[in-house]
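**Student:** Going down the list, the sequences are from chains F and R.
For the first sequence, the residue numbers in our numbering are 168 to 655.
For the second sequence, the residue numbers in our numbering are 14 to 522.
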Amino acid sequence: MIFETTTAIALAMLIPLAAMAGNMAFKDMPNLRDGFTFLCAVLTFCAVLVVLANEGNSITSEVSLIEVFPGIDIAFNVEPLGLMFAIIASGLWIITHIYGVGYMRGNDEKHHARFFACFAIAISSVMGIAFSSNMFTLFLFYEILTVSTYPLVAHKGTPDAVKGARTYLAILIGTSIALQLTAVIWTYALAGTLDFTQGGILVGKVAGWVVPVLLGLYAFGIGKAALMPFHKWLPAAMVAPTPVSALLHAVAVVKAGVFTMLKVGIYIFGIDFLAETGASEWLMWLAAYSIIAASVVAMTQDNLKKRLAYSTVSQLSYITLGMALATSMGALGGGMHIAMHAMGKITLFMCAGAIYVAYHKTEISQMQGLGRVMPITFGAFLIGSLSIIGLPPLGGSWPKFLLMLGAADTGHLIIIGVLMVSSLLNVAYLLPIVGRGFFRPLDDGAPTKRYEGPVLVWLPPALTALGCFVLFFYGGALQSFLLPIIGQ
Amino acid sequence: MAGTVTPHDAKTLIEQLPILQVLVPFCTAPLIVLIGSRRMAWALAFAAAVISLVISYALLMQVYGGGFISYQLGGWAPPLGIEYRVDAANALVMLLISAIATVTLPFAYESVKDEITSKNHTLFYACFMLCYTGLMGVVITGDAFNVFVFLEISSLSTYVLVAQGAGRDKRALTAAYDYLIMGTIGATFFVIGIGFLFMSTGTLNMADLADRIAEQGTNRTIHAGFAFIVVGMGLKAAMYPLHLWLPKAYTFAPSAVTVFLSATSTKMAIYVILRFMFSIYNPDFIFALNVMFLVFMPLALIAMFSASFVAVFQVNFKRMLAYSSIAQIGYMLLGIAIFNLSGLTGTMVHMFNHGITKALLFMGVGALVLRTGSSFYNNLNGLGRLMPLTVAPIVVGGLSLIGVPGTAGFVSKWMLVQGAFENGWWVVAILIVLSSLLAVVYVWRAIEVLYLTEPAEGAKMAEAPMSMLIPMWILAIACIWFGVATDLPLGAASTAAEVLLSGSFGMVE
């Protein structure tokens, strides 16, 4: 019973809600509360693994929960891309929770219970997104994710935090209601269904100018994918405590965005349909622009988290690019990048948080020589950076390889150039941080004794850095796991 | 389905339900005055509302799938006698009105004690019942002149109810006076319109009117009558630009009155417009179509944007909600103008969904007023932390007002947008979603005040009393429930839309 797929999916969404309830109930008992949430995180991960064990990389038929409009249900199914996303999000939740407890306590932040409760709702909605079997269900959970992460961004309650949270909400809700919802309803009016279907649901239903316009409504409407010019929310969200930036704004929320983008490209339009109509060509160029421009902006940022945020904007566009290339290689590369970038970027963010907890430094220019006193943290940062840059033997090298193959397939040599330049730019804005940490002398009067902060804060990034290595060797396995999404 | 009942049949209670719907509250009102005790007054009013809710539900279930119930008053056959006629369209509106009355009364108990001078309490409940009678009567009756009679019953008692806000703020008196003048003009226009209809057809029964107009064709008198009716009811519905009475009346009326009126009285007027437009003036009627396209649509769009825009800049929570209501009425009119099954379903379901949403929000404000004495934002700082159980449902209401997926407000907007796309009016579709963004702004202003500002130093604030919290939570759960399990409102609304579109009163093809 417990090991049935349907039950497991339900549990993956319900257990985080139990964690939320637990946080409310044990508000004033920190150890019990955080322990309970940890248990829930582990159980959620197990539930997702049960789904994996049952279904492997097959695409199952949908299970409907309730019919909301005639012909539109809240319904779920399992398919490789979503399953991969669920595994990443729930697995990294465990690590981030450990880290979050260390961070929040080490930093004397307030309102822990509210913080972890909202975090849990966000995870629950991510599970909903991952297992949605139609665009309506996905949209529903997409919006819950926005609303539940808003208190996390505003968490500190300072004027800065309130302002950042306002930008966050305005862009995410604004784009999703004004553009994405329009696109969803329009799709329904055109196709008569919103079910994710291999090969798309719009083939033969639309032609001409409508296709690129509809794609544009989706591409900009999925604000969480941070496609320029709707990327401002991501740097604004950096006012949130670092665990939020690490899991939600490097993994869950932004990946929900690009995941939606891929789902729309693969299952609503269909890769072949996009290739035939050429509707996504403009999007490809825009994504390429976004990749380069965000990297350039990242170089100018002195605030470490802001620099990482712009780096994320750039990396997310890789995935959008993968979809817009409209080839199977591109889609696969985009899908794999969800996993690889998640592992790399969460490492970088957790390192940034560790530096903040241990030495209260936020600006890169203040981080002279810190690598000498926190070698593990800076070592993990180096590995994460190399993975983002895309050097073997780290996970990040595979998706870039596939994307380049995809670009070569379609004869877009300029795109190959863009990907290469982007790698160089990554080197230029990430490695100097590590260099500064290890090779510059410490500031005068700074403590010279080795101190990495509490173990809960430095261990998690070390683990995810290790994960970047592991993913390199499982790159092939991941690729064949994802093959069904391109119909192979 | 009960058809026509001949005078000599002995009737079962079930067959008497339509008349009881009006009689129960109507008889409760004098009883309340005669008994004269506040507790008893409240208890009687509440009992009447509950009975009426049960009746509404029973009636809706009978016509849920289509068909109608005809009830002849005193056994006089229409068109001579007065006929009550229930179909899915008015059954849904009755369910809304009685449900709102049932949750408003428990809320009113504390709120009325706080806001209204104690010697007026029993009279307040009597007036409330009269107002309720009037609303029910307007909705249930199948006789055009009878609509006017009940309209006056509800309007006159509404003016009194609004004026009761004078205990807290004297401006309630001018607000009530404004409303009285405007409302009377509206009712006068309406009765003139009916006069024109009567003049050229010689009948007042709605079904009969429809038949005769279809038979004899149309003429300028009938057109003029239509114009008068739309303007008259447009005033009561606060249709832009006839909305000027609304912000003041809603702001200064006692909280309980605002809750009740915002959820019911404008919806009743929209219903009457729908009924006249579709059931009497056959919708194939090119004239009505032009009115919808050239008058309703632009006015609706202007209302959606201008009123929302004004709402953004309000510093008084209650007044902000009042402007938001004007914008939301725009959505309902727009659904009529879209003029297809989805659009009209959108209108019907938005009447219901917006009714529960706005009632919830006004209750929230009422609860805050009870504790802080004011609904201005600068007095509400940080209350989300001091009284979490009271403020949380306000957030749910706010989300539903925006139309966030998973809430009731989303369902109606979806139907409207879908209707617009089906017509190929994608500009209108985009305008609908854009105007929801303004709702995000004005709702979020309130939420930021409640949650993200620091409460006053050392402030201690108790949660609202249970008698307020329970109705609020019921409505909050309803806002989410009807956003996901949409069977009841959406099913009834689409039957209602079918009934209306088919042009007959209660018949479905």
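Think of the CB as a built atom: it goes at the ideal place given N, C-alpha and C, for glycine as much as any other residue.
1. Taking Cβ positions only, does Q341 (chain R) come closer than 8 Å to chain F?
2. What's the gap between the Cα of N392 (chain R) and the Cα of H279 (chain F)?
3. How is the alpha helix (DSSP H) around F606 (chain F) delimited, first residue to last?
4. Out of curiosity, what's the CA-to-CA distance linking K331 (chain R) and F375 (chain R)?
5. Let me make sure I understand the geometry here. Which of F:P560, F:L558, F:G502 and F:M587 has the alpha-carbon closest to that of M571 (chain F)?
6. For A491 (chain F), which residues of its own chain have a beta-carbon under 6 Å away from its beta-carbon, when the five flanking residues on both sides are left out?
7. Kindly indicate if chain F contains any beta-carbon less than 8 Å away from that of I493 (chain R).
8. Our contact map puts A321 (chain F) next to L465 (chain R) with C-beta atoms below 8 Å; I'd like the distance itself, whole angstroms only.
9. Counting pairs of beta carbons, one from the region 548-555 of chain F and one from the region 595-604 of chain F, are three or more of them closer than 8 Å?
10. Measuring straight from C-alpha to C-alpha, what distance separates A320 (chain R) and I339 (chain R)?
11. Is the CB-CB distance between G247 (chain R) and G206 (chain R) below 8 Å?
12. What would DSSP say about R184 (chain R), mapped onto helix, strand or coil?
13. Are any of the Cβ atoms in chain F nearer than 8 Å to that of H21 (chain R)?
14. I want to verify the contact list: residues of chain F whose CB lies under 7 Å from the CB of S449 (chain R), in sequence order.
15. Counting Cβ pairs closer than 8 Å, one from the region 297-314 of chain R and one from the region 131-148 of chain R, do we hit at least three?
16. Since A54 (chain R) is in the alpha helix (DSSP H), which residue starts that stretch and which ends it?
17. Near D469 (chain F), what residues of its chain come up, given a Cβ to Cβ distance below 7 Å and the 5 sequence neighbours on each side ignored?
18. E310 (chain F) versus chain R: which residues are under 8 Å apart at the beta carbon?
19. Give a yes or no on whether the minimum CB-CB distance between I352 (chain F) and chain R is below 8 Å.
20. With 16 as the cutoff for other CB atoms within 10 Å, does V215 (chain F) come out buried or exposed?
21. At which residues does the alpha helix (DSSP H) containing D500 (chain R) begin and terminate?
22. Can the beta-carbon of S554 (chain F) be found less than 8 Å from the beta-carbon of G562 (chain F)?
23. If we cut at 8 Å on Cβ distances, does Y335 (chain F) have a partner in chain R?
24. Do you know how far the Cα of D156 (chain R) is from the Cα of D221 (chain R)?
25. Helix, strand or coil, according to DSSP, for I182 (chain F) in the structure here?
26. Applying the criterion that 16 or more other CB atoms from any shown protein chain within 10 Å of the CB defines a buried residue, is I239 (chain F) buried or exposed?
27. Kindly say whether G519 (chain R), judged by its beta-carbon, lies nearer than 8 Å to any beta-carbon of chain F.
28. Within a Cβ cutoff of 6 Å, which residues of the same chain sit near V151 (chain R), ignoring the five residues on either side of it in sequence?
29. Looking at the structure shown, is T172 (chain F) part of a helix, part of a strand, or coil, going by DSSP?
30. Between which residues of its own chain and L210 (chain F) is the CB-CB distance below 6 Å, once the five residues before and five after are set aside?
31. Per DSSP, N329 (chain R) is paired with what?
32. By Cβ distance below 7 Å, which residues in the same chain neighbour F389 (chain R) in space, the five residues on each side in sequence not counted?
33. What did DSSP end up calling N159 (chain R) once you bin it into helix, strand or coil?
34. Mind checking which residues open and close the alpha helix (DSSP H) that includes A403 (chain F)?
35. Does the beta carbon of T427 (chain F) come closer than 8 Å to any beta carbon on chain R?
36. Taking contact to mean at least 3 C-beta pairs separated by less than 8 Å, is the region 350-369 of chain R in contact with the region 449-456 of chain R?
**Tutor:** The short version:
1. What you label residue 341 (chain R) is simply residue 328 of the second sequence in a count that begins at 1. Q341 (chain R) does not count as touching chain F.
2. Along the second sequence, read from residue 1 onward, the residue named residue 392 (chain R) stands at position 379. Along the first sequence, read from residue 1 onward, the residue named residue 279 (chain F) stands at position 112. Rounded to whole angstroms, N392 (chain R) to H279 (chain F) spans 27 Å at the Cα level.
3. Position 439 of the first sequence holds residue 606 (chain F). Run containing F606 (chain F): L580 to F606, per the alpha helix (DSSP H) assignment.
4. Within the second sequence, residue 331 (chain R) is the residue found at index 318, counting from 1. Within the second sequence, residue 375 (chain R) is the residue found at index 362, counting from 1. Approximately 7 Å between the Cα atoms of the pair.
5. Along the first sequence, read from residue 1 onward, the residue named residue 571 (chain F) stands at position 404. With distances taken between Cα atoms, M571 (chain F) lies closest to F:M587.
6. Position 324 of the first sequence holds residue 491 (chain F). If we look at A491 (chain F) and ignore the five residues flanking it on each side, its Cβ neighbours are S447, L450, M451 and A454.
7. By one-based count along the second sequence, residue 493 (chain R) stands at place 480. Residue contact with chain F for I493 (chain R): absent (no Cβ-Cβ distance below 8 Å to any residue of chain F).
8. Your numbering for residue 321 (chain F) matches position 154 in the first sequence. Your numbering for residue 465 (chain R) matches position 452 in the second sequence. Going by Cβ atoms, the distance from A321 (chain F) to L465 (chain R) rounds to 6 Å, so yes, they are a contact pair.
9. The region 548-555 of chain F vs the region 595-604 of chain F: in contact.
10. Locating residue 320 (chain R) in the second sequence gives position 307, where the first residue counts as 1. Locating residue 339 (chain R) in the second sequence gives position 326, where the first residue counts as 1. The C-alpha of A320 (chain R) lies about 6 Å from the C-alpha of I339 (chain R).
11. Counted from its first residue, the second sequence places residue 247 (chain R) at position 234. Counted from its first residue, the second sequence places residue 206 (chain R) at position 193. Result no, Cβ atoms of G247 (chain R) and G206 (chain R) do not sit closer than 8 Å.
12. For the purposes of this step, residue 184 (chain R) is identified with residue 171 of the second sequence, where counting begins at 1. The answer is helix: DSSP assigns R184 (chain R) an H, G or I state.
13. Position 8 of the second sequence, counting from 1, holds the residue named residue 21 (chain R). Any reading at H21 (chain R) must be qualified, since the residue scores a pLDDT of 49, below 50, and its modelled position is unreliable; the value itself is stated next. No - not a single Cβ of chain F is within 8 Å of the one on H21 (chain R).
14. Within the second sequence, numbered from 1, the residue matching residue 449 (chain R) stands at position 436. Those within 7 Å of S449 (chain R) in chain F are I344.
15. no
16. Numbered from 1 along the second sequence, position 41 holds the residue referred to as residue 54 (chain R). R51 to V76 is the span of the alpha helix (DSSP H), which, as asked, contains A54 (chain R).
17. Position 302 of the first sequence, counting from 1, holds the residue named residue 469 (chain F). Once the five neighbours on either side are set aside, the close Cβ partners of D469 (chain F) are E530, I531 and S532.
18. Within the first sequence, numbered from 1, the residue matching residue 310 (chain F) stands at position 143. Residues of chain R passing the Cβ test: V417, P418 and G419.
19. Locating residue 352 (chain F) in the first sequence gives position 185, counting from the first residue. Yes, its Cβ sits closer than 8 Å to a Cβ of chain R.
20. Taking the first sequence and counting its residues from 1, one reaches residue 215 (chain F) at position 48. Flag for V215 (chain F) reads buried.
21. Here the question's residue 500 (chain R) lines up with position 487 in the second sequence. D500 to L514 is the extent of the alpha helix (DSSP H) around D500 (chain R).
22. Walking along the first sequence from the start, residue 554 (chain F) turns up at place 387. Walking along the first sequence from the start, residue 562 (chain F) turns up at place 395. In contact: S554 (chain F) and G562 (chain F) (Cβ atoms closer than 8 Å).
23. Here the question's residue 335 (chain F) lines up with position 168 in the first sequence. Y335 (chain F) does not count as touching chain R.
24. Residue mapping note: residue 221 (chain R) aligns to position 208 of the second sequence, counting from 1. Residue mapping note: residue 156 (chain R) aligns to position 143 of the second sequence, counting from 1. Roughly 9 Å between the two C-alpha positions.
25. Here the question's residue 182 (chain F) lines up with position 15 in the first sequence. In the structure shown, I182 (chain F) sits in a helix (DSSP, three-state: H, G or I).
26. Along the first sequence, one-based indexing puts residue 239 (chain F) at 72. Buried, since its Cβ has 16 or more Cβ neighbours within 10 Å.
27. Here residue 519 (chain R) corresponds to residue number 506 of the second sequence, with the count starting at 1. Here the model assigns G519 (chain R) a pLDDT of 47, short of 50, so the residue's position is not dependable, and the following value carries that caveat. No, no contact with chain F.
28. Walking along the second sequence from the start, residue 151 (chain R) turns up at place 138. Here the set comprises V160, F163, L164 and M281.
29. For the purposes of this step, residue 172 (chain F) is identified with residue 5 of the first sequence, where counting begins at 1. Of the three classes helix, strand and coil, the one that applies to T172 (chain F) here is helix, per DSSP.
30. As a working note, residue 210 (chain F) is residue 43 in the first sequence. I182.
31. Along the second sequence, one-based indexing puts residue 329 (chain R) at 316. In DSSP, N329 (chain R) forms a bridge with R:F389.
32. Taking the second sequence and counting its residues from 1, the one referred to as residue 389 (chain R) is at position 376. Contacts found: V328 and N329.
33. For this step, residue 159 (chain R) is matched to residue 146 along the second sequence. N159 (chain R) falls in the helix class under three-state DSSP.
34. Start at 1 with the first residue of the first sequence, and residue 403 (chain F) comes out as number 236. Unbroken alpha helix (DSSP H) run through A403 (chain F): W400 to A403.
35. Here residue 427 (chain F) refers to the residue found at position 260 when the first sequence is read from its first residue. No - not a single Cβ of chain R is within 8 Å of the one on T427 (chain F).
36. no
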